[in-house]
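A.B. asks: One structure coming up, written as structure tokens, with questions to follow.
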Amino acid sequence: MTPDKRMKGSQALVAALEHEGCEVMFGFPGGVAIPFYDALYDAKKLRHVLVRHEQGAAHAADGYARATGKVGVCTSTSGPGATNLVTGIATAYLDSSPLVAITWQVRSDLIGTDAFQEADITGITLPIVKHSYLVKSTAELPQVVHEAFHIASTGRPGPVVIDVPVDIALGELVYHDADTLDLPGYRPTFKGHIKQIRAAAKAINEAQRPVLYLGGGVIASEAAPEILRLAELRRLPVVTTLMGLGAFPETHELSMGMLGMHGTVTANYAVHECDLLINIGARFDDRVTGKLKAFAPHARIIHADVDPAEIGKNVSPLIPIVGDAKHVAAGLIKELEGMEWPAERTAEWLARIAVRKDEFPLHYEDPKDGKLAPQLVIQEIDRITDHDAIVCTDVGQHQMWATQYYTYRYPRQFISSGGLGTMGFGLPASIGAKIGHPDRTVVDISGDGGFQMTMQELATAVSYDVPVVVCILNNGYLGMVRQWQDLFWNKRYSFTCIEAQPDFKMLAEAFGAVGLLVTEKGEIEPALREALGCGRPAVIDFRTSPEENVFPMVPAGSEITEMIGGHGRQGRKS
Numbered sequence: 096m097t098p099d100k101r102m103k104g105s106q107a108l109v110a111a112l113e114h115e116g117c118e119v120m121f122g123f124p125g126g127v128a129i130p131f132y133d134a135l136y137d138a139k140k141l142r143h144v145l146v147r148h149e150q151g152a153a154h155a156a157d158g159y160a161r162a163t164g165k166v167g168v169c170t171s172t173s174g175p176g177a178t179n180l181v182t183g184i185a186t187a188y189l190d191s192s193p194l195v196a197i198t199w200q201v202r203s204d205l206i207g208t209d210a211f212q213e214a215d216i217t218g219i220t221l222p223i224v225k226h227s228y229l230v231k232s233t234a235e236l237p238q239v240v241h242e243a244f245h246i247a248s249t250g251r252p253g254p255v256v257i258d259v260p261v262d263i264a265l266g267e268l269v270y271h272d273a274d275t276l277d278l279p280g281y282r283p284t285f286k287g288h289i290k291q292i293r294a295a296a297k298a299i300n301e302a303q304r305p306v307l308y309l310g311g312g313v314i315a316s317e318a319a320p321e322i323l324r325l326a327e328l329r330r331l332p333v334v335t336t337l338m339g340l341g342a343f344p345e346t347h348e349l350s351m352g353m354l355g356m357h358g359t360v361t362a363n364y365a366v367h368e369c370d371l372l373i374n375i376g377a378r379f380d381d382r383v384t385g386k387l388k389a390f391a392p393h394a395r396i397i398h399a400d401v402d403p404a405e406i407g408k409n410v411s412p413l414i415p416i417v418g419d420a421k422h423v424a425a426g427l428i429k430e431l432e433g434m435e436w437p438a439e440r441t442a443e444w445l446a447r448i449a450v451r452k453d454e455f456p457l458h459y460e461d462p463k464d465g466k467l468a469p470q471l472v473i474q475e476i477d478r479i480t481d482h483d484a485i486v487c488t489d490v491g492q493h494q495m496w497a498t499q500y501y502t503y504r505y506p507r508q509f510i511s512s513g514g515l516g517t518m519g520f521g522l523p524a525s526i527g528a529k530i531g532h533p534d535r536t537v538v539d540i541s542g543d544g545g546f547q548m549t550m551q552e553l554a555t556a557v558s559y560d561v562p563v564v565v566c567i568l569n570n571g572y573l574g575m576v577r578q579w580q581d582l583f584w585n586k587r588y589s590f591t592c593i594e595a596q597p598d599f600k601m602l603a604e605a606f607g608a609v610g611l612l613v614t615e616k617g618e619i620e621p622a623l624r625e626a627l628g629c630g631r632p633a634v635i636d637f638r639t640s641p642e643e644n645v646f647p648m649v650p651a652g653s654e655i656t657e658m659i660g661g662h663g664r665q666g667r668k669s
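Take the numbering used here: the final residue in the sequence shown is number 669, and no numbers are missing along the way.
In structure tokens form, the structure reads like this:
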């Protein structure tokens with residue numbers, strides 16, 4: 096415990112962050128942030144990483160949070176510094192990532208006067224935060240920090256903004272750690288109601304065609320061990336959302352991979368045909384469900400989520416359970432272990448799934464233009480890293496190929512922007528993930544479009560010696576938009592061809608990183624091994640086929656069985 100002592104608000108903020116176990120924060124200073132940065136100059140436990148753009152700070156803090164399970168922290172100055180954090184805050188909000196964003200504000204007496212670099216950041220971020228604070232007295236600053244960390248990391252995780260006027264940092268207080276929190280309006284429910292859990296267990300025990308559908312809530316609540324036990328206990332075939340990748344090992348026989356718009360044929364048909372859909376920690380997102388009225392038409396639905404607002408929002412479940420995935424799964428296991436269950440009940444169902452897996456594997460062909468197949472590049476990354484790297488992605492075609500052709504075995508292995516679909520996320524997020532896990536291999540799979548949105552963060556990686564490996568699938572297009580133009584807009588490629596590309600190899604070298612160019616199949620493995628083994632930030636420019644598309648694909652608003660490109664081994668459309 097920190098002994099009571101008189102200090103400035105800026106020093107108290109550092110002390111409160113250290114008390115919360117904050118080891119690293121990502122930020123960029125400015126005029127009204129100087130008092131805080133002056134206090135950071137003397138910080139002993141708290142490491143600050145200077146990014147090159149505030150959006151990079153938010154994404155790096157988010158990547159750190161997703162990789163470690165700890166609260167990510169970012170900071171900016173007032174006005175444009177704070178507004179530059181907004182995209183990263185929204186990204187964290189849509190994906191339920193625990194983030195504390197500390198923004199600095201003009202003097203309290205100037206708020207509302209349109210002072211230099213004033214922006215109402217608490218108002219701007221109101222729809223995209225779990226909670227926000229405008230600190231009005233120096234004395235309350237430590238308590239606000241403790242509350243913010245608690246709110247960000249409990250229940251359904253999410254971002255919290257703390258906006259601090261500069262006079263609050265300059266004021267003085269007698270500092271003492273907050274050992275207790277009193278938030279009467281905030282009481283998340285963790286344990287599901289026993290009657291609902293028993294009803295769900297009974298439904299699982301009786302189902303002939305069950306499917307276990309996992310979302311990011313499984314990862315957030317550290318529920319993977321319980322989920323594995325639950326699936327094996329009743330032989331439940333498993334599908335995951337994009338945010339749920341890694342919640343269940345894809346090497347397991349019960350795994351069917353990802354479902355939804357770019358999910359596997361096996362996963363989508365299993366959900367369509369099941370008689371019981373057990374949703375744990377997912378939110379029935381439109382990219383998963385497709386045409387909502389036709390989603391899982393034969394199924395009774397169990398929906399367990401820590402956020403009661405998600406229950407019944409898109410799909411009305413027969414058995415709703417408010418509680419986090421870990422407690423709910425543990426409760427289901429306890430109930431099921433006391434029930435008799437004949438294994439033959441689901442044998443026919445599992446056999447049907449096994450046949451479909453064999454008949455409809457993910458498939459691609461070598462491009463006729465002689466360029467690299469992007470799918471092959473990711474398969475090689477998967478093979479050479481032995482399914483063990485932390486994979487961060489940007490957003491677009493490469494992101495979907497990364498979900499399909501990399502094998503995820505454990506939670507927090509796949510880090511990507513799901514709900515908001517934020518281009519530019521991959522590189523800074525990978526820096527945050529690598530700082531959180533310095534002993535792990537971290538690979539950023541990016542596209543040439545997304546990479547250019549935050550490529551200045553290569554300087555951050557070099558400055559702090561963060562050896563991430565960036566793999567750019569460079570097709571010269573904004574690939575996913577071009578794919579939609581190809582399939583649905585008569586190939587009218589309006590402003591999706593990226594002309595005047597930089598030489599990414601030389602660009603990396605200009606930043607002080609390792610730069611590599613790969614144009615032939617035989618160059619893929621040597622380049623990856625060089626980049627992974629060099630111990631420095633590295634960028635590999637893979638020249639991939641410009642007009643390769645991601646398949647299978649469910650057109651927006653269609654049923655999830657209405658897949659384009661879901662071809663079986665005999666070329667039959669699924």
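Note that CB positions come from ideal geometry on N, CA and C, so glycine has one too. Remember, it's a predicted structure, so these values are computed and weren't measured experimentally.
(1) Suppose only complete runs of 4+ residues qualify. What are the alpha helix (DSSP H) ranges in the stretch 589-635, listed by chain order?
(2) Examine the Cβ distances between the stretch 511-525 and the stretch 460-471 and report whether three or more of them are shorter than 8 angstroms.
(3) Would you be able to state if there are at least three C-beta pairs under 8 angstroms between the stretch 135-155 and the stretch 299-315?
(4) If we call anything under 8 angstroms between Cβ atoms a contact, is A362 one with L354?
(5) What residues in its chain sit with their C-beta under 8 angstroms from that of A497, if we drop five residues either side in the sequence?
(6) Is the stretch 163-170 in contact with the stretch 222-232, if contact means three or more CB pairs nearer than 8 angstroms?
(7) For the alpha helix (DSSP H) that E454 lies in, which residues bound it at each end?
(8) Apply the 10 Å Cβ neighbour rule to V537 and answer buried if 16 or more other Cβ atoms are within range, or exposed otherwise.
(9) Going by beta carbon distance, what residues of the same chain come within less than 6 angstroms of Q578, once the five residues before and after it are set aside?
(10) State the Cα-Cα distance for the pair L236 and D483, rounded to the nearest angstrom.
(11) What residue from V490, Q499, W584 has the CA that sits closest to G574's CA?
(12) Alpha carbon to alpha carbon, what distance is there between R282 and L189?
(13) On a Cα-Cα basis, can you pick out the residue from E149, G287, P332 that is closest to L309?
(14) I need the boundaries of the beta strand (DSSP E) containing V649, first residue and last residue.
(15) G253: buried (16+ other C-beta within 10 angstroms of its C-beta) or exposed?
(16) Would you mind stating whether A318 and F343 have Cβ atoms separated by less than 8 angstroms?
(17) In three-state terms, what does DSSP make of H245?
(18) Can the beta-carbon of M356 be found less than 8 angstroms from the beta-carbon of R378?
(19) I'd like the span of the beta strand (DSSP E) that includes R395, first residue to last.
(20) How about I476 and C566: are their beta carbons less than 8 angstroms apart?
(21) Which value, in whole angstroms, describes the spacing of the CA atoms of L522 and T549?
(22) If you draw a straight line from the C-alpha of Y500 to the C-alpha of I375, how long is it?
(23) Within a Cβ cutoff of 7 angstroms, which residues of the same chain sit near E604, ignoring the five residues on either side of it in sequence?
(24) Judging by CA-CA distance, which residue of H288, V269, F244 is the nearest neighbour of T275?
(25) Determine the direct distance from the alpha carbon of L112 to that of A210, and round the result to whole angstroms.
(26) Have a look at F546, L278, L323, G339 and flag the residue whose alpha-carbon is nearest the alpha-carbon of H347.
(27) State the start and end residues of the unbroken beta strand (DSSP E) segment that holds H226.
(28) Tell me, please, whether the stretch 99-112 touches the stretch 149-164 by the rule of three or more beta-carbon pairs shorter than 8 angstroms.
(29) Relative to the alpha-carbon of D636, which residue among E267, T186, T220, P597 has its alpha-carbon at the smallest distance?
(30) Report the rounded CA-to-CA distance for T614 versus F599, giving the unit in angstroms.
(31) Pull up the distance between the alpha-carbon of E405 and that of T182, whole angstroms please.
(32) Sort T208, A128, L205, D204 by Cα distance to A177 and report the nearest one.
(33) With a cut-off of 8 angstroms on the beta carbons, I'd call G544 and L568 a contact; round off their distance for me.
(34) According to DSSP, simplified to helix, strand and coil, what is E115?
(35) Among the candidates T208, E149, I216, whose CA atom is the shortest distance from the CA of F123?
(36) Determine the DSSP secondary structure at Y501, reduced to helix, strand or coil.
C.D. replies: For this structure:
(1) 599-606, 616-628
(2) no
(3) no
(4) Residue 362 sits at position 267 when you count from the first residue of the sequence shown. Residue 354 sits at position 259 when you count from the first residue of the sequence shown. For A362 and L354, yes; Cβs fall inside 8 angstroms.
(5) Position 402 of the sequence shown holds residue 497. I473, V486, T488, F509, S511, I540, listed in sequence order.
(6) no
(7) Against the sequence shown, residue 454 aligns to sequence position 359. Here the alpha helix (DSSP H) through E454 covers 442-454.
(8) Position 442 of the sequence shown, counted from the first residue, corresponds to residue 537. Burial call: buried.
(9) For the purposes of this step, residue 578 is identified with residue 483 of the sequence shown, where counting begins at 1. The residues are N644.
(10) Here the question's residue 236 lines up with position 141 in the sequence shown. Here the question's residue 483 lines up with position 388 in the sequence shown. Whole-angstrom Cα-Cα distance: 41 angstroms.
(11) Translated into positions along the sequence shown, residue 574 becomes position 479. With distances taken between Cα atoms, G574 lies closest to V490.
(12) The residue given as residue 189 occupies position 94 in the sequence shown. The residue given as residue 282 occupies position 187 in the sequence shown. Between L189 and R282, the C-alpha separation is close to 21 angstroms.
(13) Along the sequence shown, read from residue 1 onward, the residue named residue 309 stands at position 214. With distances taken between Cα atoms, L309 lies closest to P332.
(14) Against the sequence shown, residue 649 aligns to sequence position 554. Note, V649: premise wrong, no beta strand (DSSP E); not H, not E.
(15) As a first step, residue 253 must be located in the sequence shown, where it is residue number 158. G253 comes out buried.
(16) Looking up residue 318 in the sequence shown gives position 223. Looking up residue 343 in the sequence shown gives position 248. When the beta-carbon positions are compared, A318 and F343 stay at least 8 angstroms from each other.
(17) One-based indexing of the sequence shown puts residue 245 at position 150. The answer is helix: DSSP assigns H245 an H, G or I state.
(18) On the sequence shown, residue 356 is found 261 positions in, with the first residue counted as 1. On the sequence shown, residue 378 is found 283 positions in, with the first residue counted as 1. No, the Cβ-Cβ distance between M356 and R378 is not below 8 angstroms.
(19) Counting from one through the sequence shown, the residue named residue 395 turns up at place 300. Counting along the chain, the beta strand (DSSP E) containing R395 begins and ends at 395-400.
(20) Residue mapping note: residue 476 aligns to position 381 of the sequence shown, counting from 1. Residue mapping note: residue 566 aligns to position 471 of the sequence shown, counting from 1. Result yes, Cβ atoms of I476 and C566 sit closer than 8 angstroms.
(21) Taking the sequence shown and counting its residues from 1, one reaches residue 522 at position 427. Taking the sequence shown and counting its residues from 1, one reaches residue 549 at position 454. Using only the alpha carbons, I get a separation of about 7 angstroms.
(22) To locate residue 500, count along the sequence shown from 1; it is residue 405. To locate residue 375, count along the sequence shown from 1; it is residue 280. Taking C-alpha positions only, Y500 is separated from I375 by approximately 24 angstroms.
(23) Here residue 604 corresponds to residue number 509 of the sequence shown, with the count starting at 1. Cβ within range, chain order: G610.
(24) Taking the first residue of the sequence shown as position 1, residue 275 is located at position 180. Considering only alpha carbons, the answer is F244.
(25) Counting from 1 along the sequence shown, the entry for residue 210 is found at position 115. Counting from 1 along the sequence shown, the entry for residue 112 is found at position 17. Each residue's Cα considered, the two are about 29 angstroms apart.
(26) Working through the sequence shown from its first residue, we reach residue 347 at position 252. Selected option, being the one with the closest Cα: L323.
(27) On the sequence shown, position 131 is the one that residue 226 refers to. That run of the beta strand (DSSP E) goes 226-229.
(28) no
(29) Here the question's residue 636 lines up with position 541 in the sequence shown. Comparing Cα positions, the closest option is P597.
(30) As a working mapping, residue 614 is identified with position 519 in the sequence shown. As a working mapping, residue 599 is identified with position 504 in the sequence shown. Those two C-alpha atoms are separated by around 13 angstroms.
(31) The residue you call residue 405 lines up with position 310 of the sequence shown. The residue you call residue 182 lines up with position 87 of the sequence shown. Cα-Cα distance, rounded: 23 angstroms.
(32) Within the sequence shown, numbered from 1, the residue matching residue 177 stands at position 82. The residue with the shortest Cα to Cα distance from A177 is A128.
(33) The count along the sequence shown starts at 1 and reaches residue 544 at position 449. The count along the sequence shown starts at 1 and reaches residue 568 at position 473. Between L568 and G544 the Cβ distance is about 10 angstroms, and since that is not below 8 angstroms, they are no contact.
(34) Indexing the sequence shown from 1 puts residue 115 at position 20. Note: E115 maps to coil in three-state DSSP.
(35) Working through the sequence shown from its first residue, we reach residue 123 at position 28. The residue with the shortest Cα to Cα distance from F123 is E149.
(36) Here the question's residue 501 lines up with position 406 in the sequence shown. Three-state DSSP puts Y501 in coil, outside helix and strand.
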